[in-house]
Amino acid sequence: MGNEFRLTDLAARVGARLSGEGDSLVTGVAPIDDAGPGQVTFLASPKYNRAALGSRASAIVAKERLEGSQAAFLLSDNPVYTFACVVELFHPPVRPAAGVSPLASIHPGARVGKDVSVAPFVFIGEGAAVGDRTALQPGVFVGEGASVGDDCLLYPNVVLYHGVRVGNRAILHAGCVIGSDGFGFAPSREGYRKIPQVGTVEIGDDVEIGANTTVDRAALGVTRILRGAKLDNLIQVGHNVVIGSDTVIAAQAGLAGSCRIGNRVMIGGQAGIGGHLEVEDGIMLGAKCGVANTLRASDGKVWSGIPVMAHQTWLRMSMLLPKLPDLFRRVKRLEEGKNPKGEE
Amino acid sequence: MGNEFRLTDLAARVGARLSGEGDSLVTGVAPIDDAGPGQVTFLASPKYNRAALGSRASAIVAKERLEGSQAAFLLSDNPVYTFACVVELFHPPVRPAAGVSPLASIHPGARVGKDVSVAPFVFIGEGAAVGDRTALQPGVFVGEGASVGDDCLLYPNVVLYHGVRVGNRAILHAGCVIGSDGFGFAPSREGYRKIPQVGTVEIGDDVEIGANTTVDRAALGVTRILRGAKLDNLIQVGHNVVIGSDTVIAAQAGLAGSCRIGNRVMIGGQAGIGGHLEVEDGIMLGAKCGVANTLRASDGKVWSGIPVMAHQTWLRMSMLLPKLPDLFRRVKRLEEGKNPKGEE
Amino acid sequence: MGNEFRLTDLAARVGARLSGEGDSLVTGVAPIDDAGPGQVTFLASPKYNRAALGSRASAIVAKERLEGSQAAFLLSDNPVYTFACVVELFHPPVRPAAGVSPLASIHPGARVGKDVSVAPFVFIGEGAAVGDRTALQPGVFVGEGASVGDDCLLYPNVVLYHGVRVGNRAILHAGCVIGSDGFGFAPSREGYRKIPQVGTVEIGDDVEIGANTTVDRAALGVTRILRGAKLDNLIQVGHNVVIGSDTVIAAQAGLAGSCRIGNRVMIGGQAGIGGHLEVEDGIMLGAKCGVANTLRASDGKVWSGIPVMAHQTWLRMSMLLPKLPDLFRRVKRLEEGKNPKGEE
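Chains as they are written, first to last, in this note's numbering: chain A, 6 to 349; chain B, 6 to 349; chain C, 6 to 349.
Structure (structure tokens):
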């Protein structure tokens, strides 16, 4: 905090076009309902036009000027992106100070980079490697032979099982578990025998993984989360899954073993994706949907439902579900030779 | 344990009406199938009448006497509540002994109240505050500037990110994460740019949050869980969500960003609630349902299905789903001019 | 690693029939696409026949020889099981070295067996017991009076609440929580009153529990997971649930309070099972299904859908859902006295 900008300077820094008075000083950001003088806010959609008109904010980031507003506007073709830049100017990322706590447990055979922050109660195992400027918050576990790249931020109690590899600039939220055993058992007459899960996990650069999400190690080979993918909280990623670059997955989604998710895929919350199938680049999956077959982008971009169908079909279908009891009655009447109005 | 009561005294203490012999001593509680002499049990519903008749318990908490039972009855208009009081008499809450472990890491700039219990491996950051008589079990993380009120109980490995605020008498179960970053990214040609999540979380008095549940901090502003709300395990609460007072949410439910849940709402397990919508006071949502639009209490109190419809409609609809293949055949026959019996 | 076997020896050790050259040395296992000379791979299903034909692996574990392949075959009636044995020969389980870290916190009144491994930041409470050769990784919490059997492996940050009991050879993955309070509250005019959860949890021998899975203690009595059951990640097990022997539950499934799951049941990912009902021995439940009533094996072995129906019915039904808008149109035409082709 403590940062302040003249609007003209702010606009220049974030590459926005300023419309309105440029001399005002702004000192922070706030939600559209709460923003007051000296603050910048954001008009996310026309749905909030009324709130924007009533806002006392000094400036509004938006796609276009809103007629009737007293505020200055910071205009941009990609206002979400511009607003992200504005927020970051007022709230530059704060990293824990560099330093290694004497209350951490670091194996002498581990390599720890420059300017790292290792908090109390962190465990770093034999042969593990932690890159420069990476911060490990309290309770983080870096297993034997595991590696974390440069400029990463691991929140409290993140667990990296032995041998997993994390790239640069990754952000792993509290309690996420990377490299737990995949779920593989061979049935026999005496019960199940564990199939040793001897693969690993590789997480690319610029990946962010949410709190308490779990990513299983491969049975053989590698479970991969490619560069720039963003995973929300409480997601399950099964063994041998591949998640493509810049793919975004909302909370509580589940990806069964060996499924392959393309690049720039978007997956809604609580969605489930079956094992050994593929979801091609750029596909969007609705919240709570269930995918039981490979989805080709050429067959459609947006899918919803259990099991999935074209999103538009699902919208129509789901509006009819409540009318199903009535439909059964109507068919019965037709079978009885009655007309729909009930007259014989 | 070790407590024992005469039934007349027990009835008086919990405000129940005693029906039966009052001199018996009771020494504990047990499930209806296992309870023996000297124990008190609970008749939750008429479904268990038979078990109750066969029970050897000395006393049964219930709404009314069960004819034919040999047991004494502790009668109450709210037998669940009365039983909760009975259990508590036999099992008064045990709090960890006060004291601060030398194995904890407490920043000198943190404020710690009176009679707190701080276990080994607890981390309390700069500017954080912990209220009187609050217990932090091993591995708890209280981030910079975060605060916890009086008489709270934080089970092992609870994580409070920087700045989050927890009220009094809150119970946070193991592994829950409060204040992780909301899921917000701005798309650009070079991939996603993180929208800094600079808001916080406020949790009211008497809130209970289950194991491994995650509550994201607001993008801007505050994610709020109001007084008396109870959240089960593995729930996802997105950024800027508001959960009203005395609202109860079952395990694995997911609340997307900026949704507003009213007071005294009940949400079933694995339910999903979309972003930026409202669920009004007193509404009940069935397990596994999917809410994609604002729900007004004036439109109905109980909702189920994906997407939600009136619960009664959903019950009828869902019983018809297995008959859908048959309905398609019947319509085909009608189109072919055949009667439903298949005669031409 | 470092193990190598002649194929004839390997076949003998795992009880497979060798078909092909037996003198080759093999040194490891690999996925079918990656395997090269000196490696053994696995033909899981005919779907991968083509990959198997192209594979350069020295040997393939399979049910029968694949015509045209150059590889040797290790044939077995239960190839998954045989492959599990092969993998284990190359990757024998590695347990953390025995020893008790001086950075652990062990109550003097706890019993710790022989040859245990207790890592830094482990907490073992008063009256707790840890069996011989059991390994507790960093951050594990064993509450007051809790017990863990022999030869168990508890990954980082596993939490065992007070009094819970874990059998022998159990594997508990990172962040799983055993014995958190069941979700029980009595409504009253002043809000909810907590029903003290005074039961416990018992976990049988040879059980494996996935990362961040939560198992609640019973309200009264015992939540039980019987011998050999395997639970994946992020599963919720409510209070007083019983899970039978050799039952397998995929990730993110949820079991509501007091439900009873039989032996050798298989439950798909994200499935939900309601409270106070039964799923009989040997039943299979599809991914994402919702069980709202007791399921008898005599009524069917495989169930899917929300709510569940016979799996075959569900398959047919779900293929018709996208055609529902069309069906409504067809019925309307019939009501209007038009024929299906649209001519009047």
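We put the CB at the ideal spot given by N, CA and C, even for glycine.
Legend entry - Counted within 10 angstroms of its Cβ, other Cβ atoms place Pro97 (chain B) as buried (16 or more) or exposed: As a working mapping, residue 97 (chain B) is identified with position 92 in the second sequence. Pro97 (chain B) is exposed by the Cβ-count criterion.
Inset, instruction - For the stretch 178-193 of chain B, enumerate the residues whose C-beta is nearer than 9 Å to any C-beta of chain C, in chain order. - result: His178, Ala179, Gly180
Legend entry - is_contact[Thr219 (chain C), chain B] using C-beta, thresh 8 Å: Position 214 of the third sequence holds residue 219 (chain C). With 8 Å as the cut-off, Thr219 (chain C) counts as an interface residue toward chain B.
Legend entry - Run of the alpha helix (DSSP H) containing Tyr86 (chain A), from where it starts to where it stops: In the first sequence, counting from the first residue as 1, residue 86 (chain A) sits at position 81. Its alpha helix (DSSP H) spans residues 84-95.
Legend entry - Test item: CB-CB of Ala175 (chain A) and Gly154 (chain A) under 8 Å: To locate residue 175 (chain A), count along the first sequence from 1; it is residue 170. To locate residue 154 (chain A), count along the first sequence from 1; it is residue 149. Going by C-beta atoms, Ala175 (chain A) is nearer than 8 Å to Gly154 (chain A).
Inset, instruction - Alpha carbon to alpha carbon, how far is Ser81 (chain B) from Ser323 (chain C)? Give it in angstroms, no decimals. - result: As a position in the third sequence, residue 323 (chain C) is number 318, starting the count at 1. As a position in the second sequence, residue 81 (chain B) is number 76, starting the count at 1. When rounded, the distance between both Cα atoms is 48 Å.
Inset, instruction - Determine the extent of the alpha helix (DSSP H) in which Gly59 (chain C) is found, giving its start and end residues. - result: The residue labelled residue 59 (chain C) in the question sits at position 54 within the third sequence. Taken as a continuous stretch (DSSP letters only), the alpha helix (DSSP H) holding Gly59 (chain C) covers 54-59.
Inset, instruction - Identify the contact partners of Phe126 (chain C) in chain A, using a Cβ-Cβ distance below 8 Å as the criterion. - result: Along the third sequence, one-based indexing puts residue 126 (chain C) at 121. Ordered by position in chain A, the residues that pass the 8 Å Cβ test against Phe126 (chain C) are Ser110, Phe126, Phe128, Gly144.
Inset, instruction - Return the residue from the list A:Ala124, A:Ala21, A:Lys119 that minimises the CA-CA distance to Thr87 (chain A). - result: To locate residue 87 (chain A), count along the first sequence from 1; it is residue 82. If we check each option's Cα against that of Thr87 (chain A), A:Ala21 comes out closest.
Inset, instruction - Note down the Cα distance separating Ile37 (chain A) from Ala56 (chain A), rounded to an integer number of angstroms. - result: Looking up residue 37 (chain A) in the first sequence gives position 32. Looking up residue 56 (chain A) in the first sequence gives position 51. C-alpha separation (whole angstroms): 7 Å.
Legend entry - Proximal chain C residues relative to Tyr86 (chain B), where beta-carbon distance stays under 8 Å: Position 81 of the second sequence, counted from the start, is the residue given in the question as residue 86 (chain B). The contacting residues are Ala191, Pro192, Ser193, Arg198.
Inset, instruction - Compare the C-beta of Pro36 (chain A) with all C-beta atoms of chain C and state if any pair is closer than 8 Å. - result: Indexing the first sequence from 1 puts residue 36 (chain A) at position 31. No, its Cβ sits nowhere closer than 8 Å to a Cβ of chain C.
Inset, instruction - Have a look at Arg232 (chain B) and Val227 (chain A) and give me their C-alpha separation to the nearest angstrom. - result: Reading the second sequence from its first residue, position 227 is the one you call residue 232 (chain B). Reading the first sequence from its first residue, position 222 is the one you call residue 227 (chain A). Each residue's alpha carbon lies about 46 Å from the other.
Legend entry - Euclidean distance between Cα positions of Phe146 (chain C) and Gly280 (chain A): What you label residue 146 (chain C) is simply residue 141 of the third sequence in a count that begins at 1. What you label residue 280 (chain A) is simply residue 275 of the first sequence in a count that begins at 1. Near 34 Å, if we compare the C-alpha coordinates of Gly280 (chain A) and Phe146 (chain C).
Inset, instruction - Determine the closest residue to Val105 (chain B) out of B:Val91, B:Val66, B:Ala124, with distance taken between C-alpha atoms. - result: Locating residue 105 (chain B) in the second sequence gives position 100, counting from the first residue. For Val105 (chain B), the nearest C-alpha among the options comes from B:Ala124.
Inset, instruction - Out of C:Phe78, C:Ser185, C:Thr318, point me to the one whose CA is closest to Ser309 (chain C)'s CA. - result: Your numbering for residue 309 (chain C) matches position 304 in the third sequence. If we check each option's Cα against that of Ser309 (chain C), C:Thr318 comes out closest.
Legend entry - contact_flag[the stretch 205-220 of chain A, the stretch 157-177 of chain A] where n(CB pairs < 8 Å) is 3 or more: yes
Inset, instruction - Could you tell me how far apart the beta carbons of Val34 (chain B) and Val121 (chain B) are, in whole angstroms, since I believe they sit closer than 8 Å? - result: For the purposes of this step, residue 34 (chain B) is taken as the residue at position 29 of the second sequence. For the purposes of this step, residue 121 (chain B) is taken as the residue at position 116 of the second sequence. Contact doesn't hold; Cβ gap of about 31 Å is too wide.
Inset, instruction - Would you check if there are 3 or more beta carbon pairs closer than 8 Å linking the stretch 250-266 of chain B to the stretch 275-292 of chain B? - result: yes
Inset, instruction - Determine the burial state of Asp186 (chain A): buried for a count of at least 16 other Cβ atoms within 10 Å of its Cβ, exposed for fewer. - result: Working through the first sequence from its first residue, we reach residue 186 (chain A) at position 181. With 16 or more Cβ atoms within 10 Å of its Cβ, Asp186 (chain A) is classed as buried.
Legend entry - Distance between beta carbons of Val182 (chain C) and Gly180 (chain B), contact taken as under 8 Å: The sequence position of residue 180 (chain B) within the second sequence is 175, counting from 1. The sequence position of residue 182 (chain C) within the third sequence is 177, counting from 1. 5 Å between Cβ atoms; contact.
Inset, instruction - Tell me whether Ala140 (chain B) sits in a helix, a strand or coil according to DSSP, three-state version. - result: Within the second sequence, numbered from 1, the residue matching residue 140 (chain B) stands at position 135. DSSP places Ala140 (chain B) in strand when its eight states are reduced to three.
Inset, instruction - May I ask you to list the residues that DSSP assigns as paired with Val206 (chain B)? - result: Here residue 206 (chain B) refers to the residue found at position 201 when the second sequence is read from its first residue. In DSSP, Val206 (chain B) forms a bridge with B:Thr228.
Legend entry - Short CB-CB distance (under 8 Å) between Pro327 (chain A) and chain D: Annotation note: the requested chain D is absent from the structure, which comprises protein chains A, B and C.
Inset, instruction - Evaluate Ser250 (chain C) with the Cβ neighbour count: other Cβ atoms within 10 Å of its Cβ, from every protein chain shown; 16 or more gives buried, anything less gives exposed. - result: The count along the third sequence starts at 1 and reaches residue 250 (chain C) at position 245. So Ser250 (chain C) ends up on the buried side.
Legend entry - Per-residue DSSP class, three states only, for Val19 (chain C): Reading the third sequence from its first residue, position 14 is the one you call residue 19 (chain C). Correct three-state label for Val19 (chain C): helix.
Inset, instruction - Report yes or no: is there a C-beta of chain C within less than 8 Å of the C-beta of Gly347 (chain B)? - result: Sequence index remark: in the second sequence, residue 347 (chain B) carries index 342 (1-based). Only weak support is given to the placement of Gly347 (chain B): the predicted model assigns it a pLDDT of 49, under 50, and the value that follows is read from those uncertain coordinates. Taking Cβ atoms only, chain C never reaches closer than 8 Å to Gly347 (chain B), which makes this a no.
Legend entry - Residue closest to Glu149 (chain C), alpha-carbon to alpha-carbon, out of C:Arg301, C:Phe128, C:Ala234: Here residue 149 (chain C) refers to the residue found at position 144 when the third sequence is read from its first residue. Nearest C-alpha to Glu149 (chain C): C:Phe128.
Legend entry - For Leu239 (chain A), the nearest candidate out of C:Arg229, C:Ala224, C:Thr219 (CA to CA): As a working mapping, residue 239 (chain A) is identified with position 234 in the first sequence. The shortest C-alpha separation from Leu239 (chain A) is found at C:Thr219.
Legend entry - The beta strand (DSSP E) enclosing Leu239 (chain A), as first and last residue numbers: Start at 1 with the first residue of the first sequence, and residue 239 (chain A) comes out as number 234. No beta strand (DSSP E) holds Leu239 (chain A); DSSP gives it neither H nor E.
Inset, instruction - Answer with buried or exposed for Ser50 (chain C), where buried requires no fewer than 16 other C-beta atoms within 10 angstroms of its C-beta. - result: Here the question's residue 50 (chain C) lines up with position 45 in the third sequence. With fewer than 16 Cβ atoms within 10 Å of its Cβ, Ser50 (chain C) is classed as exposed.
Legend entry - Cross-chain neighbours of Gly277 (chain A) in chain C, by beta carbon under 7 Å: Here residue 277 (chain A) refers to the residue found at position 272 of the first sequence. What Gly277 (chain A) touches in chain C: Gly274, Gln275, Ala292, Lys293.
Legend entry - Buried or exposed by the 16-neighbour rule on C-beta atoms within 10 Å, applied to Pro107 (chain A): On the first sequence, residue 107 (chain A) is found 102 positions in, with the first residue counted as 1. Result: exposed.
Inset, instruction - Determine the DSSP secondary structure at Ala151 (chain C), reduced to helix, strand or coil. - result: Counting from one through the third sequence, the residue named residue 151 (chain C) turns up at place 146. Ala151 (chain C) falls in the coil class under three-state DSSP.
Legend entry - Supposed close pair Gly27 (chain A), Thr13 (chain A) - CB separation, criterion 8 Å: By 1-based counting over the first sequence, the position of residue 27 (chain A) is 22. By 1-based counting over the first sequence, the position of residue 13 (chain A) is 8. That belief holds up - the Cβ atoms of Gly27 (chain A) and Thr13 (chain A) are roughly 4 Å apart, short of 8 Å.
Inset, instruction - Helix, strand or coil for Leu282 (chain B), going by three-state DSSP, please let me know. - result: Position 277 of the second sequence, counting from 1, holds the residue named residue 282 (chain B). Here Leu282 (chain B) sits in coil by DSSP.
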